[in-house]
Amino acid sequence: MIGKCCGSSLITKKAIVAATGLVLAGFVLMHMLGNLLLFAGPQIYNTYSYKLTSNPALYLIEAVLLFAFVLHIFYATWLTKISRSARPIGYAVSPKGAKQATLAARTMIYQGAVLLAFIIIHLETFKFGTHYEVTYDGIVMRDLYRLVIEVFASPEYVSWYVISMILLATHLYHGVSSIFQSWGFNHPIYTPILKKVGVVYALGVGVGFLTNPIFAYIVATGGNQ
Numbered sequence: 138m139i140g141k142c143c144g145s146s147l148i149t150k151k152a153i154v155a156a157t158g159l160v161l162a163g164f165v166l167m168h169m170l171g172n173l174l175l176f177a178g179p180q181i182y183n184t185y186s187y188k189l190t191s192n193p194a195l196y197l198i199e200a201v202l203l204f205a206f207v208l209h210i211f212y213a214t215w216l217t218k219i220s221r222s223a224r225p226i227g228y229a230v231s232p233k234g235a236k237q238a239t240l241a242a243r244t245m246i247y248q249g250a251v252l253l254a255f256i257i258i259h260l261e262t263f264k265f266g267t268h269y270e271v272t273y274d275g276i277v278m279r280d281l282y283r284l285v286i287e288v289f290a291s292p293e294y295v296s297w298y299v300i301s302m303i304l305l306a307t308h309l310y311h312g313v314s315s316i317f318q319s320w321g322f323n324h325p326i327y328t329p330i331l332k333k334v335g336v337v338y339a340l341g342v343g344v345g346f347l348t349n350p351i352f353a354y355i356v357a358t359g360g361n362q
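Going by my numbering, the letters in the sequence shown line up with residues 138 to 362, in that order.
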């Protein structure tokens, strides 16, 4: 009975990590798509940002995302501790073949730690960073475009951002690919397809995010603002 209870609890934890991961993955995709408006110029980018931040529903969305984020970190950390406590000495011989965990899977907790640091720095830099103002059609709004170009003029910040986005893509690759397995779905035909979807999604999001610092750095250093 105890074994069944613990097994059920473990499955529940995995399901929560998967569900919260799916919510966060959806947000990441939408955030990446919004960031691509940087290429459309300052007015379109700033207007988009203004409409987004002035929407009252944003507070509810942020609360849901924060809740999902905290749950995701808590249960992912808990599962990692459970996994390690089950084999404190480690395997004498590392499993090979199909049973061998990928590097992305083995380093998920470390990726998560770096990404947590990135999110804190990212929020401090952009959400709570320098507040420039600009006026379009009589509406005063934050000039976020100017701040983005200014921040990414730094090669050090660009390098940090690029490394973080590579880790994010790696994290998403394993996470999105294994979401349905965490819910107990495993099919010889559909599971490989879902894994490929995870790869395409992770690459798309990663590349999409990487275009921002590269574009902003070129604009900043080329004097084309």
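The beta-carbon is built from N, C-alpha and C at its ideal position, and this holds for glycine as well.
Neighbour-count burial assignment, residue 234, 16 or more Cβ in a 10 Å radius: Caution applies to residue 234, whose pLDDT of 49 falls short of 50 and renders its modelled position unreliable; the value that the coordinates give is listed next. The residue is exposed, with fewer than 16 neighbouring Cβ atoms inside 10 Å.
Grab the span of the alpha helix (DSSP H) containing residue 348 for me, first residue to last. According to the DSSP assignment, residue 348 belongs to the alpha helix (DSSP H) that extends over 327–359.
Once you ignore the five residues that flank residue 161 on each side, which residues in its own chain have a CB closer than 8 Å to its CB? Closer than 8 Å at the Cβ level, and outside the excluded window around residue 161, lie 202, 205, 206 and 209.
Straight-line gap, residue 279 to residue 261 (C-alpha atoms, nearest Å): Their backbone Cα atoms lie some 16 Å apart in a straight line.
Where are the alpha helix (DSSP H) runs, 4 residues long or more, that stay fully inside the region 253–292, in chain order? Runs found: 281–288.
Roughly how far, in whole angstroms, is the beta-carbon of residue 249 from the beta-carbon of residue 324, given that I think they are within contact range, below 8 Å? Wrong, their Cβ atoms sit about 28 Å apart, outside the cutoff.
Please confirm whether residue 338 and residue 313 have their CB atoms less than 7 Å apart. Closer than 7 Å, so yes.
Kindly indicate which residue of 253, 188 and 293 has the alpha-carbon position closest to the one of residue 213. Nearest C-alpha to residue 213 among 253, 188 and 293: 253.
Is it buried or exposed for residue 316, if we count other Cβ within 10 angstroms and need 16 for buried? With at least 16 other beta carbons inside 10 angstroms of its own, residue 316 counts as buried.
Near residue 186, what residues of its chain come up, given a Cβ to Cβ distance below 7 Å and the 5 sequence neighbours on each side ignored? Cβ neighbours of residue 186 within its own chain (closer than 7 Å, five residues either side excluded): 279 and 281.
Have a look at residue 366 and residue 167 and give me their C-alpha separation to the nearest angstrom. Any answer about residue 366 is impossible in this case: the structure gives the chain only from 138 up to 362.
Counting C-beta neighbours from all protein chains within 10 Å, is the total for residue 301 16 or more, i.e. buried, or is it exposed? So residue 301 ends up on the buried side.
What do you reckon, are the CB atoms on residue 169 and residue 342 nearer than 7 Å? Yes. Within cutoff.
DSSP three-state assignment for residue 186, whether helix, strand or coil: It is helical.
What does the alpha-carbon distance come out to for the pair residue 346 and residue 304? If you take the alpha carbons of residue 346 and residue 304, they lie about 12 Å apart.
For residue 163, which three-state DSSP category applies? Three-state result, residue 163: helix.
Specify the secondary structure class of residue 140 as computed by DSSP and reduced to three states. Annotation note: pLDDT 46 at residue 140 (below 50); position unreliable, coordinate value reported separately. In this structure, residue 140 counts as helix in the three-state DSSP scheme.
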